[in-house]
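Each remark here refers to the structure printed beneath this line.
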Amino acid sequence: MDRRNILGLLAGGRLLGGGLLAMLTGKAHAAGNGAIYLNAYATAGAEPTFGVAALTDTGKLLFTTPTPGRAHGITPRPGMAEAVAFARRPGRWFQILSLTDGAPGPVVRAPDDRRFTGHGDYSADGRTLYVAEDDVPREEGAIGVYDATDNYRRVGAIPTHGLGPHELILMRDGTTLAVANGGVITHPDTGRAKLNLDSMDASLTYVEAATGRLLDKVRLPEEHSNLGIRHIALLDDGGIAFGTQDERPIGMLQPLTGAHRPGSGPVRLFDTPEDVLVRLQGYIGSVASDGRTVAASSPLGGIIGLWDAAGGTWLGSTALADGCGLAPNGEGYLATSGLGVIEPVSNTAEAGPERRAPDFRWDNHLTRRVV
Numbered sequence: 001m002d003r004r005n006i007l008g009l010l011a012g013g014r015l016l017g018g019g020l021l022a023m024l025t026g027k028a029h030a031a032g033n034g035a036i037y038l039n040a041y042a043t044a045g046a047e048p049t050f051g052v053a054a055l056t057d058t059g060k061l062l063f064t065t066p067t068p069g070r071a072h073g074i075t076p077r078p079g080m081a082e083a084v085a086f087a088r089r090p091g092r093w094f095q096i097l098s099l100t101d102g103a104p105g106p107v108v109r110a111p112d113d114r115r116f117t118g119h120g121d122y123s124a125d126g127r128t129l130y131v132a133e134d135d136v137p138r139e140e141g142a143i144g145v146y147d148a149t150d151n152y153r154r155v156g157a158i159p160t161h162g163l164g165p166h167e168l169i170l171m172r173d174g175t176t177l178a179v180a181n182g183g184v185i186t187h188p189d190t191g192r193a194k195l196n197l198d199s200m201d202a203s204l205t206y207v208e209a210a211t212g213r214l215l216d217k218v219r220l221p222e223e224h225s226n227l228g229i230r231h232i233a234l235l236d237d238g239g240i241a242f243g244t245q246d247e248r249p250i251g252m253l254q255p256l257t258g259a260h261r262p263g264s265g266p267v268r269l270f271d272t273p274e275d276v277l278v279r280l281q282g283y284i285g286s287v288a289s290d291g292r293t294v295a296a297s298s299p300l301g302g303i304i305g306l307w308d309a310a311g312g313t314w315l316g317s318t319a320l321a322d323g324c325g326l327a328p329n330g331e332g333y334l335a336t337s338g339l340g341v342i343e344p345v346s347n348t349a350e351a352g353p354e355r356r357a358p359d360f361r362w363d364n365h366l367t368r369r370v371v
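Numbering of the sequence shown is given in the UniProt record's numbering, commencing with residue 1 and proceeding in unit increments.
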């Protein structure tokens, strides 16, 4: 059975076992550079199936794991050969999967009064999972707390101290959760409809994981209050890079990326040429950093931008139609697109050789796991 036949079976929804596909295409630990890359996908066709795929940096397919619906963010568990895939917002589930062969694990459902918002992260020891969620009755952001050592039993929740959380990550200190609060309220009865655009309140918050105590909170300057902060990535200086989306267009070009370090005062917005801002179309879909640089993608504009992490200066861009997924690969970044492309992008903003999996539609986020 060759690769084309395997992908054809996937597209038809007839090959669903992650373990079987791993045996046909190679175990996850066979990745050439000591890392695997995880991306949610939909299969091509009129009736797509959904799942998570593991890839090498050359685009070799290692395994797939079916999911109950469209997945979004994927987070590996520290010290364990497993990961968690979160449903796309407004989500009702997250699913565990094996990183050895893709075997599906437990599916955990959201409480009736909560909706997951696409992302989460583990504690440094891998024992606790923190999940970004909406507290629907209170119209507040929350972080669900789950015991990963006890079949992901829910043990509580802490506040994000903001509205409409999307991505959250554990800071390098191992005790603080950084949260990108998009500032927009939604409700399960209206799906993805945005209900408070005239009064949206985006923020970055830093929350003590053990107690839920607010450590710091910052907003964008008032003239950029129409931007929702959605995605974040860790920086080597102890801060984060962030990307935004224009939720309420006001008829002017605005910077869409920046950085902040807790306790340092206002956010720092990155320099971006006007012609690039036009191409970004007010939308950043994913942010990643290799420590020295920051990459941000706009699937709407078909462009990936690169900035210097320390100074926020512009380094250049590369085109990738419907490109969104980004992850460092040791020499720059690996990018994926909704058209099935897998492409390396260097720190000099030059595109590497493109590889394509035509039967896959890669979703928004690519995650690297060293194995």
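The beta carbon of each residue, even a glycine, is placed where N, CA and C say it ideally should be.
Quantities reported herein were computed from a predicted structural model and do not represent experimental measurements.
Item: Beta-carbon contacts of lysine 27 that lie in its chain and below 6 angstroms, excluding the five residues immediately before and after; Value: Because lysine 27 sits at a pLDDT of 39, beneath the cut-off of 50, its placement in the model cannot be relied upon, and the following sentence gives the value as read from the coordinates. Counting only Cβ-Cβ distances below 6 angstroms, and skipping sequence neighbours, we find nothing.
Item: Which residues DSSP lists as bridging tyrosine 283, in chain order; Value: Gln245
Item: CB contact flag (valine 370, glycine 102, <7 angstroms); Value: no
Item: Alpha carbon of arginine 172 to alpha carbon of leucine 234, nearest angstrom; Value: 8 angstroms
Item: Spatial distance of proline 299 from arginine 279 (CA atoms); Value: 10 angstroms
Item: Cβ-based burial, arginine 115 [other Cβ within 10 Å; buried from 16]; Value: buried
Item: CB contact flag (glycine 144, glycine 164, <7 angstroms); Value: no
Item: Alpha carbon of arginine 355 to alpha carbon of threonine 58, nearest angstrom; Value: 8 angstroms
Item: Among Pro78, Leu215, Phe242, Ile36, the one whose alpha carbon lies nearest that of arginine 127; Value: Pro78
Item: Own chain, CB closer than 6 angstroms to glutamine 254, minus 5 neighbours either side, in chain order; Value: His224
Item: Contact the region 110-125 vs the region 215-229: 3+ CB pairs below 8 angstroms; Value: no
Item: Check whether threonine 117 and histidine 187 have beta carbons under 7 angstroms apart; Value: no
Item: Separation of threonine 43 from aspartate 359, as counted between CA atoms; Value: 6 angstroms
Item: Which of helix, strand or coil DSSP assigns to proline 188; Value: helix
Item: Residue burial classification, asparagine 226 (beta-carbon count within 10 angstroms, cutoff 16); Value: buried
Item: Expected contact under 8 angstroms - CB spacing of serine 317 and leucine 334 to nearest Å; Value: Not confirmed; about 16 angstroms, so no contact.
Item: Glutamate 208, buried or exposed, once every other Cβ within 10 Å from all chains shown has been counted against 16; Value: exposed
Item: Distance CB(isoleucine 250)-CB(alanine 178) smaller than 7 angstroms; Value: no
Item: Alpha carbon of residue 415 to alpha carbon of asparagine 364, nearest angstrom; Value: Outside the displayed range of the chain (1 to 371) lies residue 415, so it cannot be described from this structure.
Item: Cut-off 7 angstroms between Cβ atoms - residues of its own chain near methionine 80, not counting five sequence neighbours on either side; Value: Gly126
Item: Minimum Cβ-Cβ distance from leucine 269 to chain B less than 7 angstroms; Value: Given the protein chain composition of this structure (a single chain), no chain B is represented.
Item: Status (buried if at least 16 other CB within 10 Å, exposed otherwise) for methionine 200; Value: buried
Item: Cβ neighbour criterion (16 or more within 10 Å) applied to asparagine 151; Value: exposed
Item: Under 7 angstroms between C-beta atoms of glycine 285 and histidine 260; Value: no
Item: According to DSSP, residues forming a beta bridge with phenylalanine 63; Value: Ala54
Item: Three-state class that DSSP yields for aspartate 308 in the structure shown; Value: strand
Item: Span separating the alpha-carbon of glycine 291 from that of glycine 330; Value: 10 angstroms
Item: Residue from Gly91, Pro68, Ile96 with nearest C-alpha to proline 76; Value: Ile96
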